[in-house]
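> Dropping the structure in here first, questions after.
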Amino acid sequence: MRRGRTHGSMALGVCVLLGILASTPKSTLAQSRLTTTLDTTLITVGDRISLEVRVEHPADALVSWPDSLDADPFEVLEARVTPTRARGESSVSSAVFFLTTFELGEVELAGFNVRVLHPDEREEVLTTDRYGVEVVSVGVEEGSDIREIRGPLAIPVGILSLLAVALFLMLLGAAVYAAWARRRKGEGDEGFLPGPSPRPAHEIALEDLQRLEASTLLADGQIKQYHIRVSEILRRYVEARFHVPALEMTTWEVIGGLQSAGVDEGTRVDLRRFLDQCDLVKFAKAEPDEAASRRLLELGRALVERTKGPEADTGSEESDPPARAGPPEAAGQASTLSPDSGGAAG
Numbered sequence: 001m002r003r004g005r006t007h008g009s010m011a012l013g014v015c016v017l018l019g020i021l022a023s024t025p026k027s028t029l030a031q032s033r034l035t036t037t038l039d040t041t042l043i044t045v046g047d048r049i050s051l052e053v054r055v056e057h058p059a060d061a062l063v064s065w066p067d068s069l070d071a072d073p074f075e076v077l078e079a080r081v082t083p084t085r086a087r088g089e090s091s092v093s094s095a096v097f098f099l100t101t102f103e104l105g106e107v108e109l110a111g112f113n114v115r116v117l118h119p120d121e122r123e124e125v126l127t128t129d130r131y132g133v134e135v136v137s138v139g140v141e142e143g144s145d146i147r148e149i150r151g152p153l154a155i156p157v158g159i160l161s162l163l164a165v166a167l168f169l170m171l172l173g174a175a176v177y178a179a180w181a182r183r184r185k186g187e188g189d190e191g192f193l194p195g196p197s198p199r200p201a202h203e204i205a206l207e208d209l210q211r212l213e214a215s216t217l218l219a220d221g222q223i224k225q226y227h228i229r230v231s232e233i234l235r236r237y238v239e240a241r242f243h244v245p246a247l248e249m250t251t252w253e254v255i256g257g258l259q260s261a262g263v264d265e266g267t268r269v270d271l272r273r274f275l276d277q278c279d280l281v282k283f284a285k286a287e288p289d290e291a292a293s294r295r296l297l298e299l300g301r302a303l304v305e306r307t308k309g310p311e312a313d314t315g316s317e318e319s320d321p322p323a324r325a326g327p328p329e330a331a332g333q334a335s336t337l338s339p340d341s342g343g344a345a346g
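Under my numbering, think of the first position of the sequence shown as 1, with each following residue one higher.
Written out as structure tokens, the structure reads:
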């Protein structure tokens, strides 16, 4: 009798457990899995390597890739996010990151977090693997012969004569120009008023940022165009302010140019973070929300305010423009009444 009751209780417990499991959503039970693959761990300085990240997750879950990736000392050249592929009751999302570095020796590629969002508002945080990468320099091939030094090339006599004539003409032209310049300087340039000085780079950049902030690009959903515009404004400002050709450089080259120009490390770090976020939108198809996009513009405005030249502080103290010249009669009277003039002395 007791044995029968025990068996009945066990059967009832099993049924209750099976009912709980059956009523639990599959997405809650399923766990996501992340795998990373690095194509090589030995590269030559400046070479390109690829890191593939694959996330296997429930079909109703969504993978959220990071908006920006800080892989220092590596630089992110490109990021490609592939469309999610269904595999039975699960799905696979993947992304490939192309990286490079210019540091020699053993360097570490740190891991980063990838979030998986479930319909029940549960969030999984998965972390990629860390890798050690050996970076070697470009060396001379072993066994290569050293070429013999060649003697100087003989210059034909005809070429020497032409060079002498050309040098004589250049000296003659320089002498004529110098005489003409002295004569013109002696005549004077009375009545000449210099044109307006070029506007400071920070004023142009701040106006462009204000114009972009007032535009309707974000409201119209043109996120990529917005980030292209704000990146061009900052790069054009860097060119004019620090004489670094930022419009023709990669992000890493811009930061290196600013370091050579003596820009402090804090400013370089903030500018790199700014340009990295722009690059993720332009090349990796990232889509930050409107608030994040406006924060990026504020970061650009702060960088301009922080790095504007000393002329920005003295511009408001410039003297008033010279008074408009009066009629010839008034000018003659003024010269007569001047204490330094001959008429006054007489």
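Beta carbons: idealized from backbone N, C-alpha and C, even for Gly.
Roughly how many whole angstroms lie between the Cα atoms of Leu104 and Leu271?
24 Å
> In whole angstroms, what separates the C-alpha of Val63 from that of Glu121?
13 Å
> For Gly315, count neighbouring C-beta atoms within 10 Å of its own C-beta (all shown protein chains included) and say buried if the count is 16 or more, exposed if not.
Here Gly315 scores only 47 on pLDDT, less than 50, and its place in the model is too uncertain to base an answer on.
> Using DSSP's beta-bridge definition, name the partner residues of Ser93.
Ser93 is bridged to Val55.
> Rounding to the nearest angstrom, what Cα-Cα distance links Val135 and Ala110 in this structure?
15 Å
> With three or more beta-carbon pairs closer than 8 Å as the criterion, would you say the stretch 259-266 touches the stretch 279-297?
no
> Which same chain residues end up closer than 8 Å to Glu108 when comparing Cβ atoms and leaving out the 5 residues on each side of it in sequence?
Arg130, Tyr131, Gly132, Val133
> Assuming the contact rule is C-beta atoms closer than 8 Å, Phe102 and Ala79 should be a hit. Round their C-beta distance to whole Å, please.
19 Å between Cβ atoms; not a contact.
> Give the range of the beta strand (DSSP E) segment to which Ser64 is assigned.
Taken as a continuous stretch (DSSP letters only), the beta strand (DSSP E) holding Ser64 covers 62-64.
> Could you check the C-alpha separation between Ser68 and Phe74 for me, to the nearest Å?
13 Å
> Suppose you measure from the CA of Val114 to the CA of Gly300; what does that come to, to the nearest Å?
27 Å
> Over the uninterrupted beta strand (DSSP E) stretch that includes Glu248, give me the two end residues.
Counting along the chain, Glu248 falls outside any beta strand (DSSP E), and DSSP gives it neither H nor E.
> Are Leu234 and Phe274 closer than 8 Å when you measure CB to CB?
yes
> Among the residues of its own chain, which have a CB less than 8 Å from the CB of Arg48, if the five just before and after it don't count?
Counting only Cβ-Cβ distances below 8 Å, and skipping sequence neighbours, we find Leu77, Phe98, Leu99, Thr100.
> Please classify Leu209 as buried or exposed, where buried requires at least 16 neighbouring CB atoms within 10 angstroms.
Under a 10 Å Cβ-count criterion, Leu209 is classified as buried, with 16 or more other Cβ atoms of the shown protein chains found around its own Cβ.
> Using a Cβ-Cβ cut-off of 7 Å (strictly less than) and excluding sequence neighbours within five positions of Arg306, which residues of its own chain qualify?
Within the same chain, and ignoring the five residues on either side of Arg306 in sequence, the residues whose Cβ sits closer than 7 Å to its Cβ are Thr267.
> What is the DSSP secondary structure of Gly300, reduced to helix, strand or coil?
Here Gly300 carries a helix assignment [DSSP, helix/strand/coil].
> What's the gap between the Cα of Thr84 and the Cα of Val55?
10 Å
> Compare the beta carbon distance of Leu217 and Val304 with 8 Å and say whether it is the shorter of the two.
No, Cβ-Cβ distance for Leu217 and Val304 is not below 8 Å.
> Which residues mark the beginning and the end of the alpha helix (DSSP H) in which Leu77 is found?
Unbroken run through Leu77 is the beta strand (DSSP E), 75-87; no alpha helix (DSSP H).
> Excluding the 5 residues flanking Ser91 on each side, which residues of the same chain have their C-beta closer than 8 Å to its C-beta?
Glu56, His57, Pro58, Ala59, Ala61, Thr84, Arg85
> Run the CB neighbour count on Leu162, radius 10 Å, all protein chains shown included, and call it buried at 16 or more, exposed below.
exposed
> On the premise that Leu296 lies in contact with Glu213, defined as a C-beta separation below 8 Å, what is that separation, rounded to the nearest angstrom?
Going by Cβ atoms, the distance from Glu213 to Leu296 rounds to 11 Å, so no, they are not a contact pair.
> Which of the three DSSP states, helix, strand or coil, is assigned to Val263?
coil
> Checking the sheet assignment: what are the DSSP bridge partners for Glu124?
For Glu124, which the question treats as bridged, DSSP gives the partners Val116.
> For Ala95 and Val116, which I take to be in contact (beta-carbon distance under 8 Å), what is that distance rounded to the nearest angstrom?
In fact, because the Cβ distance is near 13 Å, the residues do not count as touching under 8 Å.
> With 16 as the cutoff for other CB atoms within 10 Å, does Ser137 come out buried or exposed?
exposed
> Helix, strand or coil: how does DSSP classify Ser68 here?
coil
> Grab me the residues of Glu248's own chain with a C-beta within less than 8 Å of its C-beta, minus the 5 sequence neighbours each way, in chain order.
Nothing listed; no residue qualifies.
> To the nearest whole angstrom, what separates the beta carbons of Val53 and Thr41, a pair I think is in contact under 8 Å?
About 16 Å separates the two Cβ atoms, so there is no contact after all.
> What is the C-beta distance between His227 and Lys308, in whole angstroms, given that I count them as a contact (C-beta under 8 Å)?
Contact flag wrong, Cβ pair sits at about 23 Å.
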